[in-house]
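Working notes, structure below.
There are 2 protein chains.
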Amino acid sequence: MVSIKDVASTAGVSTATVSRVLTNGLHVRPDGLHVRPEVRERVMAAVEKLEYRPNLVARSLRAQQSSKIGLIVSDIRNPFFTSISRAVEDTTHEQGFSLFLCNTDEDPEKEAIYLKLMRDESVAGVIFSPTRQMAANFASAEINFPIVVVDRLITGADVDVVLLDNVDAAYRLTVHLLENGYRRIAALCGEMSTTGRERQAGYEKALRAYDLSPLTEHVKYVQPKIEAGYAAALKMIDSAHMPDAFFTTNSLLAAGVLQAMRARNLTIPDDIALVTFDETTWAELVQPPITLIAQPTYEIGKTATELLLQRIADPTRSTRQVILKGKLLVRGSSAAHSGKR
Amino acid sequence: MVSIKDVASTAGVSTATVSRVLTNGLHVRPDGLHVRPEVRERVMAAVEKLEYRPNLVARSLRAQQSSKIGLIVSDIRNPFFTSISRAVEDTTHEQGFSLFLCNTDEDPEKEAIYLKLMRDESVAGVIFSPTRQMAANFASAEINFPIVVVDRLITGADVDVVLLDNVDAAYRLTVHLLENGYRRIAALCGEMSTTGRERQAGYEKALRAYDLSPLTEHVKYVQPKIEAGYAAALKMIDSAHMPDAFFTTNSLLAAGVLQAMRARNLTIPDDIALVTFDETTWAELVQPPITLIAQPTYEIGKTATELLLQRIADPTRSTRQVILKGKLLVRGSSAAHSGKR
DNA sequence: CTGAAAGCGCTAACAA
DNA sequence: TTGTTAGCGCTTTCAG
Chain A
2 MVSIKDVAST
12 AGVSTATVSR
22 VLTNGLHVRP
32 DGLHVRPEVR
42 ERVMAAVEKL
52 EYRPNLVARS
62 LRAQQSSKIG
72 LIVSDIRNPF
82 FTSISRAVED
92 TTHEQGFSLF
102 LCNTDEDPEK
112 EAIYLKLMRD
122 ESVAGVIFSP
132 TRQMAANFAS
142 AEINFPIVVV
152 DRLITGADVD
162 VVLLDNVDAA
172 YRLTVHLLEN
182 GYRRIAALCG
192 EMSTTGRERQ
202 AGYEKALRAY
212 DLSPLTEHVK
222 YVQPKIEAGY
232 AAALKMIDSA
242 HMPDAFFTTN
252 SLLAAGVLQA
262 MRARNLTIPD
272 DIALVTFDET
282 TWAELVQPPI
292 TLIAQPTYEI
302 GKTATELLLQ
312 RIADPTRSTR
322 QVILKGKLLV
332 RGSSAAHSGK
342 R
Chain B
2 MVSIKDVAST
12 AGVSTATVSR
22 VLTNGLHVRP
32 DGLHVRPEVR
42 ERVMAAVEKL
52 EYRPNLVARS
62 LRAQQSSKIG
72 LIVSDIRNPF
82 FTSISRAVED
92 TTHEQGFSLF
102 LCNTDEDPEK
112 EAIYLKLMRD
122 ESVAGVIFSP
132 TRQMAANFAS
142 AEINFPIVVV
152 DRLITGADVD
162 VVLLDNVDAA
172 YRLTVHLLEN
182 GYRRIAALCG
192 EMSTTGRERQ
202 AGYEKALRAY
212 DLSPLTEHVK
222 YVQPKIEAGY
232 AAALKMIDSA
242 HMPDAFFTTN
252 SLLAAGVLQA
262 MRARNLTIPD
272 DIALVTFDET
282 TWAELVQPPI
292 TLIAQPTYEI
302 GKTATELLLQ
312 RIADPTRSTR
322 QVILKGKLLV
332 RGSSAAHSGK
342 R
């Protein structure tokens, strides 16, 4: 492995000079870096000749900070996080950072482990989607590196956040069902996340606006997984309180509900309507296509990364909460049908 | 940040001893590490008290190797790679490694950049899904770290590989269509990958076995993206040579084809059948559900990671090619219908 | 069994 | 403008 020493000796200069030439492009020095053009050329020639590439580990050790950023999400297989991760990866690499990926499965223990790992790796910063537990005790987590929270609400801590206006989105989605005549609306919410809670709150707010109150049998917190959505939906369908609509807080739960409805040979929306969050490949391909709140996922990921990079550049900067509105896409799965008007 | 020096001084020993205590658990030394139990205790107590955690960057620099592994895929949003990445992440973290994620978009330039970056980061190894170009010149890429190739065929280089028997899978999938009476089968194949080529070969082999030869108009290489699948399918549907079945080599293309068929109000499989590769959330949710070759994605990712870790442990080990068989899941989208028998 | 010291590759004071 | 040198935190000879 060719090191800075090799470059220095072939160029006939000291390692310091090589370093100066190389780092000049990086940090934009106020007054430029004082290396004679002639010397600079010699150094560059040596770099080319030897195919020298700086050792980033050494650089990190020296700088006490690396050009890596961490992304900690519950499960990359959730299409929402898949899309976020792609946006984050694009943006980080554009800016010369690399990306660590961590899946927590909404497990606070894993969260703690990964957070510590990120510190041990001296990452420059982290983009994090914490569980409710974590979010509630965020201040006491003693996170001593730049961090941006995505998708989840943080209370009692001063952090940069990028997330949807979940209450509003859920409210609009539920009102849409109510307007179309549905009254026995069941809610399947992701447990462990503030997002699930907030969307549940929006759902309840909408019901109250229509002088309805949700049956306890109709509100269920489940793991954000297809199987959990399937099981919960099946149970409700087979119960004495079969709903006339399902409101789910993420695409995995919606997929589970859809499976359950297929298993029971129910028709959407005639037997039961279905609405959810997050645009996916399949939401428009199934029949009828699914009504949902689309989140600007790529934008969320990109914004979060930008906020993070800005915070890294200036840790004293005041924090920002970026709240985005969801877009309601009305499709067939929530159509009002004759018997319901 | 508490360093090994702090631990050493509070424990009243040298940094060397602290290091010995700490690394003992890591590398299983042939004869154990000779630290008196009493001293070890003192060190551990200091570690606890100070909440010391070793600086991984420093450790990497010293060891000239890190505990990071890289995953370089074309696009994490392809459900196949999403699943692979989750398996890889699980397995790497289990073994105390962290994971770098890189998306190349099947762009050889990005591949080169990321490969170099991985070297600069001193990763312990890389799991890589290269383009055809890269695969063809793999030997000349001068990769000087452990690497395992997934999903793609490598010729002329001695590397560990984990991939599907693509020709066989495509052959069986096509034969299935032929058996069900389809004769004008169009193939949409992912360009840039050996996988697309191999699957195309399996498709042709099946046609030849039935004394058919594919029309040039019916074989198309496109970017592995929904939009590309949509555009290509639409063109074929609207052409003079409308196929009676679509064979696509990945789920994104299949989604595009499905969109195209919806756009033209065609019925599956009566107007045109559809078969593809890769199980997805939606393949069984659309109607009719899609016939496909399922790959054991999680297993592929896990196996690749295990091969990589073994190679890291023993670089002289002889290479392995793990070839897995796909599983044909026959569903409604390829059903024989009366007019076709 | 333990400590002293060198050095991984790099950058930033400080000198010259 | 350039070189010398120290040191980031760690592990590993080499002595003792």
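So the protein lines, in turn, are chains A and B. Position one of the first sequence corresponds to residue 2 (my numbering), numbered consecutively onward. Position one of the second sequence corresponds to residue 2 (my numbering), numbered consecutively onward. Cβ coordinates follow ideal geometry from the N, Cα and C atoms, glycine included. Predicted, not measured: the structure shown is a model, and the values here were computed from it.
Original post:
If we ignore side chains and look at the alpha-carbon of each, how far apart do A/Ala274 and A/His177 end up?
Top reply: Position 273 of the first sequence, counted from the first residue, corresponds to residue 274 of chain A. Position 176 of the first sequence, counted from the first residue, corresponds to residue 177 of chain A. Going by the C-alpha atoms only, they are around 11 Å apart.
Original post:
Using a Cβ-Cβ cut-off of 7 Å (strictly less than) and excluding sequence neighbours within five positions of A/Gly257, which residues of its own chain qualify?
Top reply: In the first sequence, counting from the first residue as 1, residue 257 of chain A sits at position 256. Cβ neighbours of A/Gly257 beyond the five flanking positions: Ile227, Glu228, Ala229, Gly230, Tyr231 and Ala234.
Original post:
Taking Cβ-Cβ distances below 8 Å as the criterion, which residues of the region 118-143 of chain B are in contact with chain A?
Top reply: Leu118, Arg120, Asp121, Glu122 and Ser123
Original post:
Residues of chain B with a CB under 7 Å from the CB of A/Ile148: which are they?
Top reply: Taking the first residue of the first sequence as 1, we reach residue 148 of chain A at position 147. Chain B residues near A/Ile148: none, gap ~17 Å exceeds 7 Å.
Original post:
How many angstroms separate the CA atom of A/Asp32 from the CA atom of A/Val22?
Top reply: Taking the first sequence and counting its residues from 1, one reaches residue 32 of chain A at position 31. Taking the first sequence and counting its residues from 1, one reaches residue 22 of chain A at position 21. Confidence in A/Asp32 is poor, its pLDDT being 46 and thus under 50, which makes the residue's placement unreliable; the coordinate value appears in the next sentence. Approximately 14 Å, taken between the alpha carbons.
**OP:** Check B/Val287 in the structure and name its three-state DSSP category.
**Re:** For the purposes of this step, residue 287 of chain B is taken as residue 286 along the second sequence, with counting starting at 1. Here B/Val287 sits in coil by DSSP.
Subject >> Local conformation of A/Ala187 per DSSP, three classes >> reply: On the first sequence, position 186 is the one that residue 187 of chain A refers to. Correct three-state label for A/Ala187: strand.
Original post:
Looking at C-alpha atoms only, which residue of B/Leu72, B/Arg133, B/Leu118 and B/Phe98 is the closest neighbour of B/Asn104?
Top reply: Stepping through the second sequence from its first residue, residue 104 of chain B is reached at position 103. The shortest C-alpha separation from B/Asn104 is found at B/Leu72.
**OP:** Keeping to the same chain, check which residues put their C-beta closer than 7 Å to that of A/Ser15; ignore five residues upstream and five downstream.
**Re:** For the purposes of this step, residue 15 of chain A is identified with residue 14 of the first sequence, where counting begins at 1. Cβ within range, chain order: Ala9.
**OP:** Give the DSSP bridge partners of A/Val162, in chain order.
**Re:** Residue numbering aside, residue 162 of chain A sits at position 161 when the first sequence is read from its first letter. In DSSP, A/Val162 forms a bridge with A/Val150 and A/Gln322.
Subject >> Interface residues of chain B facing A/Pro55 [CB-CB closer than 9 Å] >> reply: Here residue 55 of chain A corresponds to residue number 54 of the first sequence, with the count starting at 1. Chain B residues near A/Pro55: Asp121.
Original post:
Taking Cβ-Cβ distances shorter than 7 Å, what residues in chain A pair up with B/Phe101?
Top reply: For the purposes of this step, residue 101 of chain B is taken as the residue at position 100 of the second sequence. Per Cβ cutoff of 7 Å: Ser99, Leu100 and Phe101.
Original post:
Since B/Ala125 contacts B/Ile70 with CB under 8 Å, what's their CB separation in whole angstroms?
Top reply: The sequence position of residue 125 of chain B within the second sequence is 124, counting from 1. The sequence position of residue 70 of chain B within the second sequence is 69, counting from 1. Going by Cβ atoms, the distance from B/Ala125 to B/Ile70 rounds to 6 Å, so yes, they are a contact pair.
**OP:** Can you grab the Cα-Cα spacing for the pair B/Arg173 / B/Leu325, in whole Å?
**Re:** Along the second sequence, read from residue 1 onward, the residue named residue 173 of chain B stands at position 172. Along the second sequence, read from residue 1 onward, the residue named residue 325 of chain B stands at position 324. Each residue's Cα considered, the two are about 14 Å apart.
Original post:
Quick one: which chain A residues come within Cβ less than 9 Å of B/Glu90?
Top reply: Indexing the second sequence from 1 puts residue 90 of chain B at position 89. What B/Glu90 touches in chain A: Ile77, Leu102, Cys103 and Asn104.
Original post:
Counting only beta-carbon atoms, is A/Ala234 nearer than 8 Å to chain B?
Top reply: Against the first sequence, residue 234 of chain A aligns to sequence position 233. Not an interface residue.
Subject >> Partners in chain A for B/Ala261, counting only beta-carbon separations shorter than 9 Å >> reply: For the purposes of this step, residue 261 of chain B is identified with residue 260 of the second sequence, where counting begins at 1. Under the 9 Å cutoff, chain A gives no residues; its nearest Cβ is about 11 Å from B/Ala261.
Original post:
Is B/Thr292 close to chain A, meaning its C-beta is less than 8 Å from at least one C-beta of that chain?
Top reply: As a first step, residue 292 of chain B is located in the second sequence; it is residue number 291 there, counting from the start. No, B/Thr292 lies away from the interface with chain A (no Cβ there is under 8 Å from its Cβ).
Original post:
Which of the three DSSP states, helix, strand or coil, is assigned to B/Val220?
Top reply: The sequence position of residue 220 of chain B within the second sequence is 219, counting from 1. Three-state result, B/Val220: strand.
**OP:** Please decide whether A/Gln288 counts as near chain B, where near means a Cβ-Cβ distance under 8 Å.
**Re:** Here residue 288 of chain A corresponds to residue number 287 of the first sequence, with the count starting at 1. By this cut-off, A/Gln288 is an interface position.
**OP:** Leaving out five residues on either side along the sequence, give the residues of the same chain with a beta carbon under 6 Å from the beta carbon of B/Gln260.
**Re:** Position 259 of the second sequence, counting from 1, holds the residue named residue 260 of chain B. Once the five neighbours on either side are set aside, the close Cβ partners of B/Gln260 are Tyr231.
Original post:
Using 8 Å as the Cβ pair cut-off and three pairs as the minimum, do the region 72-92 of chain B and the region 154-164 of chain B touch?
Top reply: no
Original post:
How far does the alpha helix (DSSP H) with B/Phe82 in it reach, from first residue to last?
Top reply: On the second sequence, residue 82 of chain B is found 81 positions in, with the first residue counted as 1. From DSSP, the alpha helix (DSSP H) with B/Phe82 extends over Pro80 to Glu95.
Original post:
Between A/Ala241 and A/Tyr183, is the Cβ-Cβ spacing less than 8 Å?
Top reply: Residue mapping note: residue 241 of chain A aligns to position 240 of the first sequence, counting from 1. Residue mapping note: residue 183 of chain A aligns to position 182 of the first sequence, counting from 1. No. Outside cutoff.
Original post:
By the 10 Å Cβ neighbour count, where 16 or more other Cβ atoms means buried, how is B/Asn1 classified, buried or exposed?
Top reply: Here chain B comprises residues numbered 2 to 342, so residue 1 of chain B is not present and cannot be evaluated.
Subject >> Whole beta strand (DSSP E) elements within the region 239-265 of chain A, 3-residue minimum >> reply: 246-249
Subject >> Contact under 8 Å by Cβ, B/Ala59 with A/Leu62 >> reply: Within the second sequence, the letter at position 58 stands for residue 59 of chain B. Within the first sequence, the letter at position 61 stands for residue 62 of chain A. The answer is yes: Cβ separation under 8 Å.
Original post:
Where do the ends of the alpha helix (DSSP H) carrying A/Ile70 lie?
Top reply: Translated into positions along the first sequence, residue 70 of chain A becomes position 69. Taken as a continuous stretch (DSSP letters only), A/Ile70 belongs to no alpha helix (DSSP H), being part of the beta strand (DSSP E) at Lys69 to Val74.
**OP:** With A/Ser10 as the anchor, note down where its alpha helix (DSSP H) starts and where it stops.
**Re:** Position 9 of the first sequence, counting from 1, holds the residue named residue 10 of chain A. From DSSP, the alpha helix (DSSP H) with A/Ser10 extends over Ile5 to Ala12.
Original post:
Along chain B, which residues have their Cβ under 8 Å away from the Cβ of A/Ala207?
Top reply: Taking the first residue of the first sequence as position 1, residue 207 of chain A is located at position 206. Per Cβ cutoff of 8 Å: no residues; A/Ala207 is ~27 Å from chain B at best.
Original post:
Going by C-alpha distance, which of B/Arg321, B/Ile294 and B/Asp169 is nearest B/Ser335?
Top reply: Position 334 of the second sequence, counted from the first residue, corresponds to residue 335 of chain B. Ranking B/Arg321, B/Ile294 and B/Asp169 by Cα distance to B/Ser335 puts B/Ile294 first.
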